[in-house]
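Asks:
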Amino acid sequence: MSEIFNVSTNPHVRSGNTTQTIMRDVLIALTPASIFGIVNFGLDALLRIVIGIVTCVACEALYQYFMHKKVTVTDLSAAVTGLLIALNIPSTLNVGFEIVGCVFAIIVVKQLFGGLGQNFMNPALAARCFLLIAYTGPMTNFVTSNGFLDAYSGATPLALLKPGAESTGVVSLAKMFIGTTGGVIGETSAICLLLGGIYLLARKVINWRIPVTYVGVFAALIFLFAPGHHFDVIYMLEEVCGGGLLLGAIFMATDYVTSPITPNGKIVFGCCLGLLTFIFRMYGGSAEGVSYAIIFCNLLVPLIERVTVPKSFGKRRKQRRLHKMKKIVKDALVLFAITLVAGILLGVVYQITLDPIAKANENAKEKAYKAVLAEADSFETIDALPSDDDINASSDIDFSKDKVNEVAIGKKGGETAGYVVTVTDSDGYGGDIKFTVGISTDGKVLGVSFLSISETAGLGMRAKQDPSFTSQFTAKSDAVASFSVVTDGSASESNANVDAIGGSTITSKSVTKGVNYALAVYKLVAGN
Numbered sequence: 083m084s085e086i087f088n089v090s091t092n093p094h095v096r097s098g099n100t101t102q103t104i105m106r107d108v109l110i111a112l113t114p115a116s117i118f119g120i121v122n123f124g125l126d127a128l129l130r131i132v133i134g135i136v137t138c139v140a141c142e143a144l145y146q147y148f149m150h151k152k153v154t155v156t157d158l159s160a161a162v163t164g165l166l167i168a169l170n171i172p173s174t175l176n177v178g179f180e181i182v183g184c185v186f187a188i189i190v191v192k193q194l195f196g197g198l199g200q201n202f203m204n205p206a207l208a209a210r211c212f213l214l215i216a217y218t219g220p221m222t223n224f225v226t227s228n229g230f231l232d233a234y235s236g237a238t239p240l241a242l243l244k245p246g247a248e249s250t251g252v253v254s255l256a257k258m259f260i261g262t263t264g265g266v267i268g269e270t271s272a273i274c275l276l277l278g279g280i281y282l283l284a285r286k287v288i289n290w291r292i293p294v295t296y297v298g299v300f301a302a303l304i305f306l307f308a309p310g311h312h313f314d315v316i317y318m319l320e321e322v323c324g325g326g327l328l329l330g331a332i333f334m335a336t337d338y339v340t341s342p343i344t345p346n347g348k349i350v351f352g353c354c355l356g357l358l359t360f361i362f363r364m365y366g367g368s369a370e371g372v373s374y375a376i377i378f379c380n381l382l383v384p385l386i387e388r389v390t391v392p393k394s395f396g397k398r399r400k401q402r403r404l405h406k407m408k409k410i411v412k413d414a415l416v417l418f419a420i421t422l423v424a425g426i427l428l429g430v431v432y433q434i435t436l437d438p439i440a441k442a443n444e445n446a447k448e449k450a451y452k453a454v455l456a457e458a459d460s461f462e463t464i465d466a467l468p469s470d471d472d473i474n475a476s477s478d479i480d481f482s483k484d485k486v487n488e489v490a491i492g493k494k495g496g497e498t499a500g501y502v503v504t505v506t507d508s509d510g511y512g513g514d515i516k517f518t519v520g521i522s523t524d525g526k527v528l529g530v531s532f533l534s535i536s537e538t539a540g541l542g543m544r545a546k547q548d549p550s551f552t553s554q555f556t557a558k559s560d561a562v563a564s565f566s567v568v569t570d571g572s573a574s575e576s577n578a579n580v581d582a583i584g585g586s587t588i589t590s591k592s593v594t595k596g597v598n599y600a601l602a603v604y605k606l607v608a609g610n
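Numbered according to the working numbering, the sequence shown spans residues 83 to 610.
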């Protein structure tokens with residue numbers, strides 16, 4: 083019997099590279115940063131690295147087995163994802179949260195879209211952003227190091243470099259380059275990350291275009307346009323070495339699946355990454371911006387490749403232009419149809435969930451009230467609130483950036499137990515800070531509970547995360563007309579002073595002014 087063979091047309095390109103060999107090289111390249119992370123943060127880092135790899139490999143194997151697909155964990159891609167997730171979290175993160183992030187990366191971002199090669203964004207970065215949104219506090223907790231080097235506390239160097247941070251800390255470029263600083267497990271050591279990048283370049287696993295363009299454009303923008311640091315070489319180098327820039331540029335922006343394949347597209351991709359990271363770091367609410375910049379640019383890859391694809395040989399310009407125009411019109415119509423259907427569905431969902439959401443908001447509001455006025459068993463909202471003119475006239479403090487959202491009287495057995503004032507102060511470093519203040523009938527602050535705050539991680543966010551700051555308002559033995567912020571640690575010497583959060587005077591003043599505003603509103607409402 084004759085056999086039929088299918089032979090592809092020439093030329094035939096052969097390569098010894100496989101998915102497994104490429105992923106193996108990535109694991110080897112990440113080894114220096116992983117080892118240094120363990121040295122820097124101790125056994126906590128080692129535990130999270132092991133859990134990250136094991137969880138991702140197990141998730142992929144179990145999903146493929148139960149979905150009757152070929153189990154491909156031997157290609158090491160799941161192990162790389164697990165290691166990258168571990169290197170992108172702080173050593174203090176609860177391991178349960180890490181496991182949730184690993185499951186999200188492998189199942190939702192990778193497997194549900196078809197597995198390796200089909201995901202539209204980097205799974206490890208998607209997991210990091212998911213964890214940042216779901217567990218903001220634990221993901222930005224860089225308080226201590228329990229490693230084998232010198233212990234340190236406070237914010238990361240990148241947070242201290244944030245324009246306008248008013249930090250009292252000192253940033254050392256040498257320590258940032260070596261890695262003996264705070265941060266997530268794998269981002270602190272610039273030299274270890276660069277060694278890994280050199281290895282990947284030598285092995286021709288990655289191309290120089292994306293990481294070099296990314297870091298180069300970012301560095302140039304920092305050098306030329308960083309607020310308050312124009313033409314400052316040292317500040318530029320600190321921004322390059324700080325945070326996750328090198329980790330993202332070398333190991334995640336170069337992901338084969340989610341980055342352009344055209345040479346010019348890689349350059350455009352790197353330029354977009356550098357620009358977005360600069361904008362997020364300099365003008366965003368957070369000190370970091372690498373993860374969001376890469377994920378956003380992952381979504382632009384199809385468009386970048388379409389624009390930068392080489393012209394077909396022999397195809398007339400007019401035909402190309404007509405084909406491109408038809409493609410644009412088709413895409414626009416599809417996008418319009420999708421938007422229309424999504425809008426209708428959102429409207430239906432909104433109507434269905436309107437009452438449950440309103441009830442949930444009411445429960446959340448009462449819970450916030452109870453947090454600052456625990457003695458009350460019910461609350462009555464006051465409809466007639468004092469005017470801005472009356473509030474400003476009652477105090478010498480400038481309350482032009484403050485507003486009262488709501489005032490409620492707390493009742494216990496029919497008697498007034500106190501007042502809850504919800505205020506918003508717009509002088510925060512990251513924007514509006516909204517919180518409730520519980521006040522007793524004799525004018526003493528009983529509690530402060532935040533409803534929304536977006537200050538710098540590790541600095542201003544400590545106002546919410548560290549109760550030692552807000553407890554200063556409630557620890558005073560007597561009621562005061564207003565509080566003042568001091569930065570020399572002398573708050574205990576005066577009943578009306580509170581110590582500022584280290585490195586975050588702006589946030590401290592904003593919250594204190596909001597508390598003073600609540601006291602002024604209380605006096606007008608209570609008639610005191």
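For each residue, glycine too, the CB sits at the ideal point set by N, CA and C.
Go through the region 564-589 residue by residue and report every complete run of the alpha helix (DSSP H) that reaches 4 residues or more, in order.
Replies: None, since the region 564-589 contains no complete alpha helix (DSSP H) of that length.
Asks: Using three-state DSSP, classify alanine 233 as helix, strand or coil.
Replies: Confidence in alanine 233 is poor, its pLDDT being 41 and thus under 50, which makes the residue's placement too unreliable to answer from.
Asks: In angstroms with no decimal places, state the Cα-to-Cα distance between leucine 467 and aspartate 484.
Replies: 14 Å
Asks: Report the start-end ranges of each beta strand (DSSP E) in the region 459-519 that is 3 residues or longer and not cut off at the edges.
Replies: 460-463, 484-494 and 497-510
Asks: What whole-angstrom Cβ distance do alanine 331 and proline 293 have, given they're in contact under 8 Å?
Replies: 4 Å
Asks: Nearest by alpha-carbon distance to isoleucine 583: which of Asn380, Gln200, Ser271 and Gly540 is it?
Replies: Gly540
Asks: Taking only the alpha-carbon atoms, compute the straight-line gap between arginine 291 and isoleucine 349 and give it to the nearest angstrom.
Replies: 6 Å
Asks: Per DSSP, what kind of secondary structure is valine 607 in: helix, strand or coil?
Replies: helix
Asks: Under DSSP, the beta strand (DSSP E) around phenylalanine 532 begins and ends at which residues?
Replies: 527-534
Asks: Hey, could you find the ends of the alpha helix (DSSP H) valine 187 is sitting in?
Replies: Going by the sequence as given, residue 187 is alanine instead of valine. Element bounds for alanine 187: n/a, residue is neither H nor E.
Asks: Based on the DSSP output, what are the partners of isoleucine 521 in its beta bridges?
Replies: Isoleucine 521 pairs with Tyr501 and Val527.
Asks: Look up asparagine 201 in the DSSP assignment and say whether it is helix, strand or coil.
Replies: coil
Asks: For valine 607, which residues of its own chain have a beta-carbon under 6 Å away from its beta-carbon, when the five flanking residues on both sides are left out?
Replies: By the criterion of a C-beta distance shorter than 6 Å, valine 607 is surrounded in its chain by Val489, once the five residues flanking it on both sides are discounted.
Asks: Please return the same chain residues whose Cβ sits closer than 7 Å to the Cβ of phenylalanine 179, not counting the five positions on each side in sequence.
Replies: So the qualifying residues of the chain are Leu213, Tyr217 and Pro220.
Asks: Given that a residue counts as buried once 16 or more other Cβ atoms are within 10 Å of its Cβ, and exposed if not, what is isoleucine 316?
Replies: exposed
Asks: Look at the Cβ atom of leucine 207, then the Cβ atom of glycine 324, and state whether they are nearer than 9 Å.
Replies: In this structure, glycine 324 does not lie closer than 9 Å to leucine 207 by Cβ.
Asks: Under 7 Å Cβ to Cβ from tyrosine 296, same chain only, skipping five residues before and after it: list those, please.
Replies: So the list reads Ala331, Ala335, Gly352, Leu355 and Gly356, once near-sequence residues are dropped.
Asks: Please go through the same chain and pick out, in chain order, the residues whose beta-carbon is closer than 8 Å to the beta-carbon of leucine 329, but skip the five residues on each side of it.
Replies: Ala115, Leu169, Asn170, Gly268, Glu269, Leu275 and Val372
Asks: Does the distance between the C-beta of valine 568 and the nearest non-hydrogen atom of the ligand GDP fall short of 8 Å?
Replies: Absent from the structure shown: the ligand GDP. Ligands present: none.
Asks: Assuming glycine 347 is part of the alpha helix (DSSP H), what are its boundary residues?
Replies: 345-365
Asks: Between the beta-carbon of valine 679 and the beta-carbon of alanine 111, is there less than 9 Å?
Replies: The structure shown does not extend to residue 679, since the chain is modelled only from 83 to 610, so the question has no answer here.
Asks: Got a sec? Which residues, its chain only, sit under 6 Å from threonine 552 by beta carbon, not counting five neighbours each side?
Replies: Around threonine 552: Val530.
Asks: State whether the region 187-202 contacts the region 139-147, with contact taken as three or more CB pairs (one from each stretch) at a distance under 8 Å.
Replies: yes
Asks: Starting from the Cα of alanine 140, find the closest Cα among Pro172, Asp107 and Val182 and give me that residue.
Replies: It is Val182 whose Cα lies nearest to the Cα of alanine 140.
Asks: Which of the three DSSP states is assigned to asparagine 380 in this structure?
Replies: helix
Asks: Going by C-alpha to C-alpha distance, which of Ser564, Phe202 and Thr589 sits closest to serine 508?
Replies: Thr589
Asks: I believe valine 177 touches leucine 129 by the beta-carbon criterion, under 8 Å. Please report the beta-carbon distance rounded to the nearest angstrom.
Replies: 7 Å
Asks: Relative to the C-alpha of threonine 506, which candidate in Ser482, Thr523, Ala499 and Gly495 has its C-alpha closest?
Replies: Ser482
Asks: Who are the Cβ neighbours of aspartate 472 in its own chain at under 7 Å, not counting the five residues just before and after it?
Replies: Leu606
Asks: Could you name the residues of the same chain whose beta carbon sits closer than 6 Å to that of threonine 359, not counting the 5 residues immediately before and after it, in chain order?
Replies: Phe300, Gly371, Val372 and Ala375
Asks: Closer than 7 Å by C-beta to valine 153: which residues in its own chain qualify, once you throw out the five before and the five after it? Chain order, please.
Replies: Ala143, Gln146 and Tyr147
Asks: Compute the beta-carbon to beta-carbon distance between glutamine 554 and aspartate 581, rounded to the nearest angstrom, for a pair I have assumed lies under 8 Å.
Replies: 7 Å
Asks: Counting only runs of 4+ residues fully inside the region 267-337, write out the alpha helix (DSSP H) ranges in chain order.
Replies: 272-284, 291-307 and 315-323
Asks: Can you grab the Cα-Cα spacing for the pair alanine 600 / valine 503, in whole Å?
Replies: 6 Å
Asks: For lysine 441, I'd like the list of residues in its chain whose CB is within less than 8 Å of its CB, leaving aside the five on either flank, ordered along the chain.
Replies: Excluding positions up to five away in sequence, the list is empty.
Asks: Let me know if glutamate 320 comes out buried or exposed under the rule of 16 or more other beta-carbons within 10 Å of its beta-carbon.
Replies: buried
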